[in-house]
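Take 1241 as the starting number for the sequence shown in our numbering and just add one per residue. We put the beta carbon where it would ideally sit given N, CA and C, even for glycine. In what follows, a structure is listed as structure tokens, so that the remarks can point back to it.
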Amino acid sequence: QLRLDEDLAEAIALAHDLGHPPFGHAGERALDRAMHAYGGFDHNAQSLRVVTALERKYAQFDGLNLTWETLEGLAKHNGPVRDTALAKVARRTELWQSLDLASWPSAEAQVAALADDIAYVAHDIDDGLRAHLIVLADLEAQPLAGPALARARPHGARDEAREVYELTRILITQMIADLVAETRARLAALAPAGPDDIRRAGQATVAFSPAMAERIATLKGFLFQRVYRHERVMRVMCDAESIVADLFGRFMQQPHTMAEAWHAASRQLDERRRARLVGDFVAGMTDRYAIAEHRRLFDATPDLR
């Protein structure tokens, strides 16, 4: 309905979190603390490093052969970039000046960022309900989830699991419909002649309506208190952070315990560059691989359940 490049939006949506270390934001916090003396760690910056330097699939250059528009979307999907870790990584790419980090990204990149918000809200409600951190009745007073729940119930779900599916489906549909309507109105007012007009608009062109944005913010606040900060979740996150911190510390002290290719690459590096390489190694792990490596290297590994 917005006449955007769906392939570009999908590429940005799929690639923008490639830099996440194991255990998501918990792993990122641990890695950022461990690497504080070496420049820190930021998953958005790491995503750009993955596709411009760390992946080595071509004979003549490092990184992937991504389009300028895709790289711009990865760098700026959250909006204009200030003097951050992401900006420092972007400046190491050959085309960083043309990315114009101070401007807004393409409409497709803005779509990818808000699609992420929609997915987070829907999945976090689903996760919270299935983990019994919240119950459906807790959502009744929420200005966004409450009416959606009222609409879901008349469908006569045979069990609560199906009712949850109905709820999340309705929520996703409502957020998408609002996003499309608000964005169409903004595009009509802006009347862009091309993508650069969207970049120079001075504000987001793809957006939720103010009313929807407020309802989403209220729901996020509820989820933060009842799900993200739940004692069970906090315990698991603390244990996950300890796994990542342990791995980084061990690999810095004993590089030979890394996979052979990474150990070989670390031999001629000074401490700061070795720390970045170790960070790359840890950040590229899956949750399962990080747990397996911790079990291999340490006597006791937390049970993340």
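Between E1309, R1455, V1473, which lies nearest to R1439 when the distance is taken from Cα to Cα? Locating residue 1439 in the sequence shown gives position 199, counting from the first residue. By alpha-carbon distance to R1439, the top candidate from E1309, R1455, V1473 is E1309.
Rounded Cβ spacing between R1424 and L1288 (contact assumed at less than 8 Å): Taking the first residue of the sequence shown as 1, we reach residue 1424 at position 184. Taking the first residue of the sequence shown as 1, we reach residue 1288 at position 48. The beta-carbon distance between R1424 and L1288, rounded to whole angstroms, is 31 Å. This is too long to meet the 8 Å contact definition.
From which residue to which residue does the alpha helix (DSSP H) around E1295 run? For the purposes of this step, residue 1295 is taken as residue 55 along the sequence shown, with counting starting at 1. Here E1295 belongs to no alpha helix (DSSP H), and DSSP marks it neither H nor E.
Between the CA atoms of R1370 and A1355 - distance to the nearest angstrom: Taking the sequence shown and counting its residues from 1, one reaches residue 1355 at position 115. Taking the sequence shown and counting its residues from 1, one reaches residue 1370 at position 130. Cα-Cα distance, rounded: 22 Å.
Should F1281 go down as buried or exposed, given a rule of 16 or more other Cβ atoms within 10 Å for buried? The residue given as residue 1281 occupies position 41 in the sequence shown. Looking at its Cβ environment, which holds 16 or more other Cβ atoms inside 10 Å, F1281 is buried.
From the DSSP secondary-structure annotation, give me the bridge partner or partners of F1303. The count along the sequence shown starts at 1 and reaches residue 1303 at position 63. Just to set this straight, residue 1303 is Gly in the shown sequence, not Phe. Partner residues in the beta bridge of G1303, as assigned by DSSP, are R1296.
So, using beta-carbon positions, are A1530 and P1262 closer together than 8 Å? On the sequence shown, position 290 is the one that residue 1530 refers to. On the sequence shown, position 22 is the one that residue 1262 refers to. It is a contact, given that the beta carbons lie within the stated cut-off.
Near Q1286, which residues of its chain fall below 7 Å by C-beta distance, leaving aside the five closest residues on each side in sequence? Here residue 1286 corresponds to residue number 46 of the sequence shown, with the count starting at 1. Cβ within range, chain order: G1259, A1523.
Rounded straight-line distance, which links the Cα of Q1465 to that of A1381: Numbered from its first residue, the sequence shown carries residue 1381 at position 141. Numbered from its first residue, the sequence shown carries residue 1465 at position 225. So the alpha carbons of these two residues sit roughly 15 Å apart.
D1257 versus N1305 - alpha carbon distance: Your numbering for residue 1257 matches position 17 in the sequence shown. Your numbering for residue 1305 matches position 65 in the sequence shown. Answer to the nearest angstrom: the Cα atoms are 18 Å apart.
Out of curiosity, what's the CA-to-CA distance linking G1313 and D1539? If you number the sequence shown from 1, residue 1313 lands on position 73. If you number the sequence shown from 1, residue 1539 lands on position 299. Whole-angstrom Cα-Cα distance: 43 Å.
A1270 burial status per 10 Å Cβ neighbour count (16 or more: buried): On the sequence shown, residue 1270 is found 30 positions in, with the first residue counted as 1. Label assigned to A1270: buried.
Just the Cα atoms here: how many angstroms apart are A1385 and D1378? Mapped onto the sequence shown, residue 1385 falls at position 145. Mapped onto the sequence shown, residue 1378 falls at position 138. One C-alpha to the other measures close to 10 Å.
By DSSP, does R1424 sit in helix, in strand, or in coil? By 1-based counting over the sequence shown, the position of residue 1424 is 184. Note: R1424 maps to helix in three-state DSSP.
Continuous alpha helix (DSSP H) stretch holding G1461: start and end: In the sequence shown, the residue the question calls residue 1461 occupies position 221. Element bounds for G1461: 1450 to 1463.
Three-way DSSP call (helix, strand, coil) for I1412 in this model: As a first step, residue 1412 must be located in the sequence shown, where it is residue number 172. The answer is helix: DSSP assigns I1412 an H, G or I state.
With distances taken from CA atoms, which of E1481, R1528, G1461, L1537 is nearest F1491? Residue 1491 sits at position 251 when you count from the first residue of the sequence shown. Checking every option, the nearest Cα to that of F1491 belongs to L1537.
The alpha helix (DSSP H) enclosing E1511, as first and last residue numbers: Numbered from its first residue, the sequence shown carries residue 1511 at position 271. Counting along the chain, the alpha helix (DSSP H) containing E1511 begins and ends at 1511 to 1523.
Alpha carbon to alpha carbon, how far is D1520 from E1295? Give it in angstroms, no decimals. As a position in the sequence shown, residue 1295 is number 55, starting the count at 1. As a position in the sequence shown, residue 1520 is number 280, starting the count at 1. Straight-line Cα distance between these residues: approximately 11 Å.
In chain order, what residues of the same chain lie with their CB nearer than 8 Å to the CB of M1498, ignoring the 5 residues before and after it? By 1-based counting over the sequence shown, the position of residue 1498 is 258. Same-chain partners within the cutoff: F1491, S1506, V1518, F1521.
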